[in-house]
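>
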Amino acid sequence: MIAKTKYIPDGKKELKKLPILHYLDANFLYYPVTSARCPEGETCVRGGQFVKIGEVIGTRKGAFFEQPMHATVSGEVKGYEKRIDQSGKVVDCLIVKNDKKYNLHPSVVDRTDAEIDALSKEDYIEIIKEAGLVGLGGSAFPSYIKLQTKDQINVVIANGVECEPYLIADYSLVMNQPQEVIQGLIYAMKASGAARGVIAIKKKYTEIKERLEFSLKQFTQYHIEVISVGNHYPQGWELDMINRAVGIKIPQGELLSKYGVLNFNVSTLQSIYNAVKKRLPVLERLFTISGNGVHNSSFRARIGTQIPELIELAGGYKDVEIPKVLILGGPMMGTNVQRDDIVMTHTSTSLIVLNEEVRIEEPCIHCASCVYSCPVSIQPTQIMNAYKVKDKDALKMLEVNKCIECGLCSYVCPSKIHLTDYMRLGKRLVR
Ligand code: SF4
Ligand code: SF4
75 MIAKTKYIPD GKKELKKLPI LHYLDANFLY YPVTSARCPE GETCVRGGQF VKIGEVIGTR
135 KGAFFEQPMH ATVSGEVKGY EKRIDQSGKV VDCLIVKNDK KYNLHPSVVD RTDAEIDALS
195 KEDYIEIIKE AGLVGLGGSA FPSYIKLQTK DQINVVIANG VECEPYLIAD YSLVMNQPQE
255 VIQGLIYAMK ASGAARGVIA IKKKYTEIKE RLEFSLKQFT QYHIEVISVG NHYPQGWELD
315 MINRAVGIKI PQGELLSKYG VLNFNVSTLQ SIYNAVKKRL PVLERLFTIS GNGVHNSSFR
375 ARIGTQIPEL IELAGGYKDV EIPKVLILGG PMMGTNVQRD DIVMTHTSTS LIVLNEEVRI
435 EEPCIHCASC VYSCPVSIQP TQIMNAYKVK DKDALKMLEV NKCIECGLCS YVCPSKIHLT
495 DYMRLGKRLV R
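Each residue of the sequence shown is one higher than the one before, counting from 75 in this note's numbering.
1) Between the beta-carbon of Q326 and the beta-carbon of L313, is there less than 8 Å?
2) Less than 7 Å between the CB of S447 and some heavy atom of ligand 1, yes or no?
3) Should H32 go down as buried or exposed, given a rule of 16 or more other Cβ atoms within 10 Å for buried?
4) Which full runs of the alpha helix (DSSP H) of 4+ residues lie inside the region 328-393, going along the chain?
5) So, for V300: in the same chain, excluding its five sequence neighbours on each side, which residues have a beta-carbon less than 6 Å away from its beta-carbon?
6) How should R359 be labelled, buried or exposed, when 16 other C-beta atoms within 10 angstroms of its C-beta is the threshold for buried?
7) Mind checking whether the beta-carbon of G418 lies closer than 7 Å to any heavy atom of ligand 1?
8) What does I260 pair with, by DSSP beta-bridge criteria?
9) Can you give me the start and stop residues for the beta strand (DSSP E) that D166 sits inside?
10) Could you tell me if the beta carbon of T79 falls within a distance shorter than 7 Å of some heavy atom in ligand 2?
11) Alpha carbons only, please: which of K490, I452, D414 and Q412 is nearest the one belonging to I439?
12) For I438, is the beta carbon positioned less than 7 Å from some heavy atom of ligand 2?
13) Mapping the DSSP letters down to three states, classify L49 as helix, strand or coil.
14) Just to check, is the beta-carbon of A460 closer than 7 Å to a non-hydrogen atom of ligand 2?
15) Please determine, among V340, V164 and H179, the residue with the shortest C-alpha to C-alpha distance to G209.
16) Run the CB neighbour count on S194, radius 10 Å, all protein chains shown included, and call it buried at 16 or more, exposed below.
17) With a CB to CB cut of under 6 Å and the five nearest residues on each side skipped, what residues in its chain are close to R500?
18) Spatial neighbours of I219 within its chain, please: CB distance less than 7 Å, with the 5 preceding and 5 following residues excluded, ordered by chain position.
19) May I ask you to check if the CB of V235 is nearer than 7 Å to at least one heavy atom of ligand 1?
20) Name the DSSP bridge partner or partners of M407?
21) Report yes if the C-beta distance between K152 and I169 is below 8 Å; otherwise report no.
22) How big is the Cα-Cα spacing for Y104 and A442?
23) Considering Cα atoms alone, identify which of G234, Q222, K464 and G132 is closest to P308.
24) Identify the residues that DSSP records as bridge partners of A232: which are they?
25) Just checking G481 against ligand 1 - is the residue's beta carbon closer than 7 Å to any of the ligand's heavy atoms?
26) Say yes only if the C-beta of A442 is nearer than 7 Å to one or more non-hydrogen atoms of ligand 2, and no if none qualify.
27) Enumerate in chain order the residues of its own chain whose CB-to-CB distance from P382 is below 7 Å, with the five nearest sequence positions on each side excluded.
28) Evaluate contact between the region 81-101 and the region 321-336, counting only Cβ atoms and requiring at least three cross-stretch pairs below 8 Å.
29) Comparing alpha-carbon positions, which option in P93, I158, D84 and G122 lies nearest V107?
30) Thinking C-alpha only, which one of D173, P449, C487 and L472 is nearest E479?
31) Hey, I260 and S331 are a contact pair by Cβ (cut 8 Å); roughly how many whole angstroms apart?
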């Protein structure tokens with residue numbers, strides 16, 4: 075029987091009820107010098123130097139852009155140690171010892187409304203670049219590059235769908251700080267010249283819709299609407315979301331801007347608000363620890379916080395005699411990590427800890443469930459077979475690069491085959 079599905083249990087109901095614990099006073103903060111998008115980086119501070127909140131402490135370097143690193147506490151630079159970053163890699167981290175004074179760098183001063191009104195498109199882009207803002211939904215793509223397009227932008231979309239199970243960072247943000255998201259959207263509209271803003275949320279989030287529409291009453295001079303899209307997975311995938319929200323079909327591989335659209339995650343828009351209004355980089359994030367192998371908890375913590383401290387504060391691991399599976403991010407698209415000495419970065423939202431279960435892969439029974447469930451209409455089984463014999467031509471012909479690594483094929487497979495892993499490996503082979 076074909077197990078085609080786009081509806082998966084999201085495990086969010088209980089997590090949304092958890093109180094948010096504020097853990098903003100870690101003793102030591104660890105800042106990765108590199109990231110998945112920036113394989114090189116350098117710091118501009120030395121051991122013993124005192125830094126302040128918002129101060130630039132280094133630069134990460136990608137192929138086509140640079141991202142400044144900022145201190146998220148005031149304190150003393152203590153040196154370097156290796157830790158795990160969001161991509162699951164062991165990376166060098168600069169350590170700052172928190173002096174618990176929380177002194178702001180002199181550059182961190184609120185802009186007045188008059189100063190904001192006087193900002194040009196170029197000013198917005200420069201502010202967002204200097205704050206080191208990247209896509210906080212997980213892409214980590216630099217926000218200023220999206221905004222400096224020469225294409226005419228008609229609509230900016232705030233993506234608040236957060237379709238990945240177990241993730242509640244965006245939900246909590248929109249419930250608790252809707253005005254900051256809306257204000258960030260308005261700044262992104264001004265920076266891109268778009269006349270229209272759309273906030274896309276899941277249809278079942280009626281409470282979010284009410285909250286946003288109530289908040290929007292203060293911003294009636296702007297053309298912004300809240301649009302409910304589907305509840306299915308992966309509705310947060312931007313091409314599907316844009317099609318549902320504004321009816322624009324964008325082919326895979328094309329730039330959204332060519333179609334007059336820009337898309338930002340709601341957390342990214344809040345970071346734009348903070349950069350423009352408060353001259354602040356991203357200082358903190360909501361981070362959830364969940365799964366059957368750990369005491370579940372939600373935290374607000376500073377970028378640079380060590381995740382083991384949060385695990386301990388949550389009550390520690392459960393069933394300590396059972397080995398654990400650690401997933402950074404969500405269960406569908408997240409990254410498996412082998413160690414828990416992880417640090418919080420801009421794109422950190424969740425750690426899932428599962429008691430390890432024996433999962434024996436069985437042979438493919440050719441049920442075609444993976445093919446029928448795939449949102450980009452490629453053929454996971456054929457791709458897996460091509461990868462196994464390292465047939466690059468076949469992988470290209472089967473369009474492995476269209477895979478968005480959503481994890482649905484693995485989820486529906488009755489033979490428990492890790493198809494998504496083969497998709498990732500196949501993409502790497504043809505790269
Ligand atoms: S992981 Fe890739 S191949 Fe599998 S369902 Fe998602 S898009 Fe399709
Ligand atoms: S890989 Fe799994 S889901 Fe796909 S056809 Fe084979 S058994 Fe079915």
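The beta-carbon is built from N, C-alpha and C at its ideal position, and this holds for glycine as well.
Nothing here was measured: the structure is a model prediction, and the numbers come from that model.
For this structure:
1) yes
2) yes
3) Since the first residue shown for the chain is 75 and the last is 505, residue 32 is missing from the structure and cannot be characterised.
4) 340-352 and 381-388
5) I273, K283, L286 and E287
6) buried
7) Strictly speaking, residue 418 in this sequence is Met, with Gly absent from that position. Result no, Cβ not under 7 Å from ligand 1.
8) BP columns for I260 are empty, so no partner.
9) V164 to N172
10) no
11) K490
12) Going by the sequence as given, residue 438 is Cys instead of Ile. Yes - ligand 2 has a heavy atom lying nearer than 7 Å to the Cβ of C438.
13) Nothing can be reported for residue 49, as the shown portion of the chain is limited to 75 through 505.
14) no
15) V340
16) exposed
17) In the sequence under discussion, the amino acid at residue 500 is Gly, which differs from the Arg named in the question. Once the five neighbours on either side are set aside, the close Cβ partners of G500 are I457, Y461, L469 and V474.
18) F139
19) no
20) Note: M407 sits in no beta bridge, so no partner.
21) yes
22) 46 Å
23) G234
24) I273 and F338
25) yes
26) yes
27) D414 and D415
28) no
29) I158
30) P449
31) Not a contact, Cβ separation roughly 19 Å.
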